[in-house]
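The opening position of the sequence shown corresponds to residue 1 in the UniProt record's numbering, with each subsequent residue numbered one higher.
Ideal Cβ positions, reconstructed from N, Cα and C, are used throughout, including at glycine.
Only a predicted model underlies this, so the values are computations on that prediction, with no experimental measurement involved.
Since the structure comes first, as structure tokens, the remarks are kept for the end.
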Amino acid sequence: MRECYGCSKQLRVTAYCFKCNDFLCQDCHNFHVKNKFLKDHQKHTLSLVDIESKSITIEKLASMRDAPRCVTHPEKISELYCKTCDDLPVCMACMLGVHKGHDLHEVRALAKAKREMLAQQLETLEKLHKERNLTIPGQAKEKLFSNVKREKESLLKTYESKVKKTKTKIDDVEKSGQQIKLEKQNTEKQIFDLLQREKEKEIRMVNKKYEELFKLKKTESSNLLKYRESSVERELAQLIKKLYHFDRDKEELLDSIKIELNKNLKDIEAMLEYFEKTNKQFKNLHALASSVIASENDWTAALCIPDIQAAAENLIKDLRKDFPELQTLSNVQINYKKLCSFRKPDMSKISEQMEKKITLSNTFHYVNGVTSSGEGNIVISGCPLAENKALIAVIDLDGKILRQKKITAETSIPWHPCDFLSQNKMATICQPNTVGVYDILGDSYITKNISDVISSWPRDRCVRCVGTDPINNHILVGGEDSRDVYVFDDQLNYLHTLTLPEIIKWPRDITVSDGHLLVCDFKGGKAYVTTMNEDVCRVVGEFKKPDMDDLTPWSVCTDKLGLVYMLWRYGIWGQCYLVQYNFDGSQLITTREMDDRGYVVAVVDTIQGEKLLLATHDTQTVYVYDLIEED
Numbered sequence: 001m002r003e004c005y006g007c008s009k010q011l012r013v014t015a016y017c018f019k020c021n022d023f024l025c026q027d028c029h030n031f032h033v034k035n036k037f038l039k040d041h042q043k044h045t046l047s048l049v050d051i052e053s054k055s056i057t058i059e060k061l062a063s064m065r066d067a068p069r070c071v072t073h074p075e076k077i078s079e080l081y082c083k084t085c086d087d088l089p090v091c092m093a094c095m096l097g098v099h100k101g102h103d104l105h106e107v108r109a110l111a112k113a114k115r116e117m118l119a120q121q122l123e124t125l126e127k128l129h130k131e132r133n134l135t136i137p138g139q140a141k142e143k144l145f146s147n148v149k150r151e152k153e154s155l156l157k158t159y160e161s162k163v164k165k166t167k168t169k170i171d172d173v174e175k176s177g178q179q180i181k182l183e184k185q186n187t188e189k190q191i192f193d194l195l196q197r198e199k200e201k202e203i204r205m206v207n208k209k210y211e212e213l214f215k216l217k218k219t220e221s222s223n224l225l226k227y228r229e230s231s232v233e234r235e236l237a238q239l240i241k242k243l244y245h246f247d248r249d250k251e252e253l254l255d256s257i258k259i260e261l262n263k264n265l266k267d268i269e270a271m272l273e274y275f276e277k278t279n280k281q282f283k284n285l286h287a288l289a290s291s292v293i294a295s296e297n298d299w300t301a302a303l304c305i306p307d308i309q310a311a312a313e314n315l316i317k318d319l320r321k322d323f324p325e326l327q328t329l330s331n332v333q334i335n336y337k338k339l340c341s342f343r344k345p346d347m348s349k350i351s352e353q354m355e356k357k358i359t360l361s362n363t364f365h366y367v368n369g370v371t372s373s374g375e376g377n378i379v380i381s382g383c384p385l386a387e388n389k390a391l392i393a394v395i396d397l398d399g400k401i402l403r404q405k406k407i408t409a410e411t412s413i414p415w416h417p418c419d420f421l422s423q424n425k426m427a428t429i430c431q432p433n434t435v436g437v438y439d440i441l442g443d444s445y446i447t448k449n450i451s452d453v454i455s456s457w458p459r460d461r462c463v464r465c466v467g468t469d470p471i472n473n474h475i476l477v478g479g480e481d482s483r484d485v486y487v488f489d490d491q492l493n494y495l496h497t498l499t500l501p502e503i504i505k506w507p508r509d510i511t512v513s514d515g516h517l518l519v520c521d522f523k524g525g526k527a528y529v530t531t532m533n534e535d536v537c538r539v540v541g542e543f544k545k546p547d548m549d550d551l552t553p554w555s556v557c558t559d560k561l562g563l564v565y566m567l568w569r570y571g572i573w574g575q576c577y578l579v580q581y582n583f584d585g586s587q588l589i590t591t592r593e594m595d596d597r598g599y600v601v602a603v604v605d606t607i608q609g610e611k612l613l614l615a616t617h618d619t620q621t622v623y624v625y626d627l628i629e630e631d
């Protein structure tokens, strides 16, 4: 306990007034800083809270109330200080005695020098305090709110744009459905009118023939339009489901923004404790330094300033500290991909039981390719029996052959892959270095010799796979032992070359999904998702391999929901497994061991919905499975 200068009571002192040059208790301290008559004392009053952590003790402050006594002659007041003896206070008698010949100075000169040094240091403190301690937290908060506002506006703009586009698509699809219904009615009427006119021209005995012909054509036309009508209904249902997911995901993203905002604000508030602490230290040190500089007591300046400077150096280091975490906390991250991805809640489940088994051993010697005709039927490609040709056949779900085309090949190859290009058109390979397009309705087949347009194509290289990009009507051709994929349009005009990443050896099968390329690397034993919007592709995903050794990817396809179906097998003729993945291959959904040695897998859209087809090479069999859509 010390005696308070203000009330003369033995109380715990909490402040020191450099103007009064004495200690104050808490009540007198409050009176001192609030009384207008003591206004000039306020900036010279120092709070003693945590003051000892700054190397300034209460004892040192107490010693500053009077000039120090000479160490050698305690009865005398010190008038000089000895630099030789580490700034020791001495009297005039010592100048001729113990300290004769030492470096002696007047205390006024020492105090002046110390004040000037402290004033410069205080100026640095004030600048740093203003530039950093008072500015950084506010800037971080301001930037955080600005970024949140910008991201919210961007999210809502993206959401509104997608909803608008989807609603426009719904209108277009509904109009298309109405047009198909009208076309169906008009077609039936036209057929009826045509046959009615023919009927009137013919004799009565052939009327029955024309009635049967009318029934046949009406059935064919009705089946086609019924398929197209059901396709429109399914697409419309998917688009409406998309709108629901847009709304749901928008709300989830807005909630995530709110959660991240609150979390970041909480973290910033936690960091503010540090800034408040340095603010408190700054105010105390600033008051002390200002008071010492303004004090007329030279001994106070001479003896206290070094300790004040040491405390100031520590505070300067604290104020210069960087806070990179504030940059992170002032930003918010939004996963915009979530607003664009609607495949996760939708799932196509492969039915446990095979729906049917189509045997083609009476027509094909080998089956190499299977795809959709675009009108609900199946297209099969391969080698016919006992002929050095390629065969393309169109069959229905019962295995009935509707059309077929035999193509003479100058050089025979044991594989003839095919893929859907557009309605009633498909890309196929019938010769080692040739790509072709088969038109079902026109029963025509056009080809392009790849070596005619690709000078670097070796004579002994064979085309190994063909894929299509139906949205852009592009054909993609991959060769054996090459990472190059050549792109043609539907008229077989060469467009450009895509080079697969170095990690891929060469493509056994390829397909296009959502603007990306799905690649089965048979030689490398892995399957990848790559970009295809640049000449040199980049790997953006890898399909999870089934938990079995020595499996290699063989064939790949996707359904309308974007789910991926891939055939894995042991070597060329070993056991095969059908694996279902999510759209980017990161999630393995289903693995099924197949009884027969599957060669190619495809999804075909029929009037009964999507079907998964597995075709075998040497048993000439097509297995048909239902895809059951779940939500």
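In this structure, how does DSSP classify residue i when only helix, strand and coil are distinguished?
i, result
"Lys344", "With a pLDDT of only 39 at Lys344, under the threshold of 50, the placement of this residue in the model should not be trusted; the figure read from the coordinates follows. In this structure, Lys344 counts as coil in the three-state DSSP scheme."
"Cys17", "strand"
"Gly609", "strand"
"Cys304", "helix"
"Lys83", "coil"
"Phe420", "strand"
"Arg569", "strand"
"Ala409", "coil"
"Cys7", "coil"
"Asp618", "coil"
"Thr531", "strand"
"Pro137", "helix"
"Ser555", "strand"
"Arg464", "strand"
"Leu627", "strand"
"Ser47", "strand"
"Val604", "strand"
"Arg12", "coil"
"Ser372", "strand"
"Phe275", "helix"
"Leu518", "strand"
"Thr267", "A quick correction: the sequence has Asp, not Thr, at residue 267. Helix."
"Leu243", "helix"
"Asp563", "The residue asked about is misnamed: residue 563 is Leu in this sequence, not Asp. Here Leu563 sits in coil by DSSP."
"Ile191", "helix"
"Thr166", "helix"
"His73", "coil"
"Lys39", "helix"
Which stretch, first to last residue, makes up the alpha helix (DSSP H) that contains residue i?
i, result
"Pro384", "Premise fails: Pro384 lies in the beta strand (DSSP E), Ile378 to Pro384, not in any alpha helix (DSSP H)."
"Lys425", "From DSSP, Lys425 is part of no alpha helix (DSSP H) but of the beta strand (DSSP E) over Lys425 to Gln431."
"Glu106", "Run containing Glu106: none in the alpha helix (DSSP H); it sits in the beta strand (DSSP E), Leu104 to Glu106."
"Val485", "Segment Asp484 to Asp489 is the beta strand (DSSP E) holding Val485; no alpha helix (DSSP H) there."
"Ser451", "Ile450 to Val453"
"Cys94", "Met92 to Met95"
State the beta-bridge partners of residue i as determined by DSSP.
i, result
"Pro324", "Bridge partners of Pro324: none, in fact."
"Arg403", "Val394"
"residue 644", "This structure cannot speak to residue 644, because the chain is shown only from 1 to 631."
"Tyr445", "Tyr438"
"Phe31", "Per DSSP, none; premise fails for Phe31."
"Phe282", "Per DSSP, none; premise fails for Phe282."
"Pro89", "Tyr81"
"Ser513", "His516"
Which residue marks the beginning of the beta strand (DSSP E) containing residue i, and which one marks its end?
i, result
"Cys537", "It is not in any beta strand (DSSP E) - Cys537 carries neither H nor E in the DSSP assignment."
"Leu498", "Tyr494 to Thr499"
"Ile203", "No beta strand (DSSP E) contains Ile203, which DSSP labels as neither H nor E."
"Cys576", "Cys576 to Tyr581"
"Glu502", "Per DSSP, Glu502 belongs to no beta strand (DSSP E) and is neither H nor E."
"Glu296", "Where Glu296 is concerned, there is no enclosing beta strand (DSSP E), given that its DSSP letter is neither H nor E."
Could you tell me how far apart the beta carbons of residue i and residue j are, in whole angstroms, since I believe they sit closer than 8 Å?
i, j, result
"Arg592", "Leu612", "At roughly 10 Å, the Cβ-Cβ gap does not stay under 8 Å, so Arg592 and Leu612 are not in contact."
"Leu567", "Val601", "5 Å"
"His41", "His32", "6 Å"
"Ala393", "Ile407", "Not a contact, Cβ separation roughly 12 Å."
"Leu421", "Asn473", "7 Å"
"Thr468", "Ala427", "5 Å"
Quiz item: Would you call the segment 127-139 and the segment 315-323 in contact, with 3 or more CB pairs under 8 Å?
Solution: yes
Exercise. Please confirm if the segment 446-454 is in contact with the segment 474-492, defined as three or more CB-CB distances below 8 Å between the two stretches.
Key: yes
Quiz item: Three or more beta-carbon pairs under 8 Å between the segment 113-126 and the segment 290-310, yes or no?
Solution: yes
Quiz item: Counting pairs of Cβ atoms below 8 Å between the segment 249-268 and the segment 155-166, do you hit three or more?
Solution: yes
Quiz item: Do the segment 11-24 and the segment 258-265 touch if we need at least three Cβ pairs shorter than 8 Å?
Solution: no
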